[in-house]
Amino acid sequence: MRSLCFGIGALSLALLASPAMAQEAQPEQLIDALNAVFGAHAKMRAAHTKGICVKGNFTPTAEAAALSKAPLFAAPVPLVGRFSLGGGNPAAPDNQKDNVRGIALHFQLPDGGVSDLVMVSAPIFVAKTPEQFLELLTIVAGKDKDKLDAFFKANPETTRQGAWLKARPTPASYATADYYGVHTFALINAKGDRQPIKWKAEPVGGFVGLSDQEAEGKGMDFYAAELNERFAKGPAEFNLYAVLGQPGDQDDDPTSEWPADRKSVKMGTISITGLENDAACDVAIFDPNALAGGIEASKNDKILPMRSLDYAVSFGRRTN
Ligand code: HEM
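Just so we're on the same page, my numbering is the position in the sequence shown counted from 1, plus 2.
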């Protein structure tokens, strides 16, 4: 069975063609499908189950406020964050190359609210629509290799994320991976100017990876200890960039990147200073659509609004 960085899933070709699949995927169906692939684990997230809660702060650059009027781009703010591994396995191996690493951030705003940013270590997601993701998960859960191969053949964009991850080394640390917001957002400044962007965070010291042999030698559980040792010496820092879209760049397809020549503006430095109690991360969801005024989500992307609904279902089940 091919390893899938987010999920795994199953549905017969007959079902794929059935009228039922033409309907919109419901949030509960997606969480049930994730559970079918990874198991339902009481009190835990249905996805990105294995993770580490952290804290730190964000310091904006002088250029950031020209692009967005959001308060986090006006003055430094504290943050709570969570590093995680993709998928719903609470014992997911830290050394798996073709899994995404995640970073989720609550920027804590002066008015007591939050603005969230949720990114993974690949610039693309595995599915363009919730329906396509549901089909994929259902097929993987069914463990029928022929059906999965047929799905990948008919939906080649769902293979891009895995190929992207396999072509790069395994990140040596959560602190040495680069992270991407995947979807298109827009920044709005005080004059009302609107700029489509994609988020990208790069470790200040650059990407550091492990060879396949080194990754194997590290074993399945080394990220937590590595972070602990790192924080004893200093913070893990990332440069946060807004990659600037141009007219005609797609804003509806999280399986597809923009052309590589798009310019970036450095918006600030994310500084992760230490571990935080899990409760600070588990008390709510990191919601990619919880955004301060001055940041807006693309209205054309079908995956992005579904994420908030799915995360709420997962939250409801893990807090019951
Ligand atoms: C329809 C598509 C998706 C579904 C069904 C889904 C599902 C989930 C679920 C159920 C959770 C756990 C929520 C909770 O209990 O708090 C989660 C967390 C997460 N997802 Fe997604 N997701 C989707 C798309 C994406 C995309 C496109 C990204 C790329 C940025 C992403 C990145 C993350 C990260 C980083 C977390 C961890 C958040 C944390 O640490 O609490 N997801 N996802």
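Heads up, the beta-carbon is just placed ideally off N, CA and C, and yes, glycines get one too.
The Cβ-Cβ distance between K265 and N241 does not fall below 9 Å. Taking D251 as the centre and dropping the five residues before and after it, the same chain places the C-beta of W260 closer than 6 Å to its C-beta, in chain order. Of the candidates T131, H43 and Q110, the residue whose Cα lies closest to the Cα of P29 is T131. Shortest gap from the CB of R162 to any heavy atom of ligand 1: 8 Å or more.
Shortest Cα-Cα distance from P95 to any of P62, A217 and I33 involves A217.
Contact between F85 and V56 is confirmed by a C-beta separation of about 6 Å, below the 8 Å threshold.
Placement of the Cβ of Y176 at a distance of 8 Å or more from every heavy atom of ligand 1 is found. Contact between the segment 140 to 147 and the segment 302 to 317 is absent: fewer than three C-beta pairs spanning the two stretches fall below 8 Å. In this chain, the alpha helix (DSSP H) harbouring Q215 covers D214 to K220.
For G41, the Cβ stays outside the 8 Å cut-off from all heavy atoms of ligand 1. At a threshold of 8 Å, A129 counts as near ligand 1, since its beta carbon sits closer than that to one of the ligand's heavy atoms. The DSSP-derived three-state label of M269 is strand. Nearest to N291 by C-alpha distance, out of G114, A238 and L119, is L119.
Leaving aside the five residues that flank A179 on each side, the residues in its chain whose CB is nearer than 6 Å to its CB run, in chain order, R103, S123 and P173. Annotation for G296: S70, K71, A72 and I190 place their beta carbon closer than 6 Å to its own, counting only its chain and skipping 5 residues before and after. Counting along the chain, the unbroken alpha helix (DSSP H) around D151 starts and ends at K147 to A156. Around the C-beta of S175, 16 or more other C-beta atoms lie within 10 Å, and the residue is accordingly described as buried. In this structure, ligand 1 has a non-hydrogen atom nearer than 8 Å to the beta-carbon of S316. In this structure, ligand 1 has no non-hydrogen atom nearer than 8 Å to the beta-carbon of D255.
In this structure, S117 has its CB at a distance of at least 8 Å from all heavy atoms of ligand 1.
In this model, G194 and Y181 are separated by some 28 Å (Cα to Cα). Spanning the alpha carbons of P112 and D214 requires a straight line of approximately 44 Å. At least one heavy atom of ligand 1 lies less than 8 Å from the C-beta of F135.
With fewer than 16 other Cβ atoms from the protein chains shown falling within 10 Å of its own Cβ, M222 counts as exposed.
Judged by DSSP in its simplified three-state form, R47 adopts coil rather than helix or strand. Counting of Cβ neighbours within 10 angstroms places E137 among the buried residues, the total reaching 16 or more. Remark: the C-beta of M222 is outside contact range of ligand 1, defined as less than 8 Å to any heavy atom.
Distances from the alpha-carbon of D280 to those of G41, K52, A48 and A35 put K52 closest.
Taking the C-beta atoms as reference points, D312 is found no nearer than 9 Å to D255.
Counting along the chain, V39 sits inside the alpha helix (DSSP H) bounded by residues P29 to F40. The three-state secondary structure of N97, taken from DSSP, is coil. Inclusion of I199 and L81 in the CB contact set at 9 Å is not warranted, their separation being larger than that value.
Listed as beta-bridge partners of M121 by DSSP are I105.
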